[in-house]
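Structure record follows, encoded as structure tokens.
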Amino acid sequence: MNIDSLLTDEQRQLRDTVRAFARKEVGPRARGIDAQTEDWKDLFRRMGDLGLLSLLLPEEWGQGGDMVSQALVQEELAYASGSIANSQVGAIEEGLFISLHGTDELKAKYLPRIATGEIKASFALTEPQAGSDASNLKTVARSNGDRDYVISGQKAWVTAGAQADVIIVVAMTDGPEQKRVPTAFLVETGWEGVHKGQPEDNHGVRGLGTSSMSFDEVVVPAANMLGEPGQGLELSLATINLGRISTAAMSVGLGQRALDAALAYSLQREQFGRPIFKFQGIKFQLAQMATKLDAARLLYLHAARIRDSGAPGLARVASEAKLFAADAGVWACEQAMLVFGANGYTRENPVERCLRDARVCQIFEGTSNVQQIVIARELANEFKPSFAELT
1 MNIDSLLTDE QRQLRDTVRA FARKEVGPRA RGIDAQTEDW KDLFRRMGDL
51 GLLSLLLPEE WGQGGDMVSQ ALVQEELAYA SGSIANSQVG AIEEGLFISL
101 HGTDELKAKY LPRIATGEIK ASFALTEPQA GSDASNLKTV ARSNGDRDYV
151 ISGQKAWVTA GAQADVIIVV AMTDGPEQKR VPTAFLVETG WEGVHKGQPE
201 DNHGVRGLGT SSMSFDEVVV PAANMLGEPG QGLELSLATI NLGRISTAAM
251 SVGLGQRALD AALAYSLQRE QFGRPIFKFQ GIKFQLAQMA TKLDAARLLY
301 LHAARIRDSG APGLARVASE AKLFAADAGV WACEQAMLVF GANGYTRENP
351 VERCLRDARV CQIFEGTSNV QQIVIARELA NEFKPSFAEL T
């Protein structure tokens, strides 16, 4: 699908630059990244050189870019590697969190190094007992009365946790009326008491180094608090729509890679004396894949434009984009595998990796069920009684 007419010259140029980088430098190493045998620190630094790790940061610290550009970057990176794509959006989200809620000293200390890829930042919210129910946190940060906090607890499914140099940790602090409230802190993973778990043996995006983390009486300066006490969840959710739009674009990139591979294969693979593309059933599969991916692409672009413009309705359309695109990406990869037949059911085929990577898009940034809850909630909020007169 040619979307050039929908983009500015700058957006087209960025997309083309990232496409060349992803396909020439990332793609040939994607299998090794997935197998966890490839050290890709140099690729992360290259993304820093290209300005991709600071794309949405204010110009003082980054590129001052727009959400449409971020989504285009995600699609192009995911086309080559889901792991690399997700590492980019992680840097964007954590860098933006610090730029919005950190002190000037924290910004000056960490943002330049995040922007260049010198250090990796991650985010620790989920716990063994607190997934979609993020209000059920057990990790605590208690004041020691000496302008410091002491953090203790366990975090689970920390994206890039095994590779992270700094991490945003949401822990419970003492609040008013003897209640504990969620508060965010910036913690260096090299500090005493921080323990990284081994990388999880995940189904997809295996190169990310997702892991558990534990905090054993970790002393954190009060100045490393991000925002105010009790704002931990609120601030975490402030960038959730950015993540959902990025995940939608990632899904499209993975699905497009699978479609392109399946189309190329169908044109050269012969059965019964002719290319399998000549069979109507194969044509139907490819046509449906293309249609769903094109629709998903337009939906994520629409959501990105709403975020850029500040127009109302972002929560709903971001969730719609993520819900639809995640399902479309998985479906396209599944259909591509069927087009390949036995040749698609092997780790040597990139379609197999795309399918595994695509499935996490139905979980990241809120599961598909959570997206449907958000959409239904926003529908109710937008509903006006006068509409009933039309039914």
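Those letters in the sequence shown? Residues 1 to 391, by this note's numbering.
Using N, Cα and C, we set each Cβ at its ideal position, and we do this for glycine too.
Same chain only: Cβ atoms within 6 Å of residue i, ignoring 5 sequence neighbours per side
| i | result |
| --- | --- |
| residue 230 | 175 and 181 |
| residue 304 | 67, 68, 71 and 245 |
| residue 209 | 160, 162, 163 and 199 |
Pair within 8 Å by beta-carbon distance, residue i and residue j
| i | j | result |
| --- | --- | --- |
| residue 95 | residue 186 | no |
| residue 219 | residue 166 | no |
| residue 76 | residue 123 | no |
| residue 277 | residue 293 | no |
| residue 33 | residue 207 | yes |
| residue 15 | residue 204 | no |
| residue 159 | residue 90 | yes |
| residue 183 | residue 213 | no |
| residue 289 | residue 248 | no |
| residue 65 | residue 53 | no |
| residue 309 | residue 374 | no |
Sequence-distant residues of its chain with Cβ nearer than 7 Å to residue i (five each side left out)
| i | result |
| --- | --- |
| residue 257 | 79, 350 and 354 |
For residue i: DSSP bridge partner residues
| i | result |
| --- | --- |
| residue 410 | Nothing about residue 410 can be reported from this structure: the residues present for the chain run from 1 to 391 only. |
| residue 142 | 150 |
| residue 123 | 168 |
| residue 251 | The partner list for residue 251 (beta bridge, DSSP) is empty, contrary to what the question assumes. |
| residue 211 | 158 |
Coarse secondary structure for residue i, derived from DSSP in three states
| i | result |
| --- | --- |
| residue 61 | coil |
| residue 216 | strand |
| residue 41 | helix |
| residue 158 | strand |
| residue 195 | strand |
| residue 21 | helix |
| residue 200 | coil |
| residue 130 | strand |
| residue 83 | helix |
| residue 103 | coil |
| residue 93 | helix |
| residue 362 | helix |
| residue 231 | coil |
| residue 368 | helix |
| residue 115 | helix |
Cβ shell of residue i (< 8 Å), same chain only, five flanking positions each side left out
| i | result |
| --- | --- |
| residue 45 | 116, 117 and 118 |
Legend entry - beta strand (DSSP E) runs wholly inside the segment 167-193, at least 3 long, in chain order: Segments of the beta strand (DSSP E) lying fully in the segment 167-193: 180-188.
Legend entry - Minimum length 4: unbroken alpha helix (DSSP H) runs contained in the segment 257-332: Here the runs fully enclosed are 280-309.
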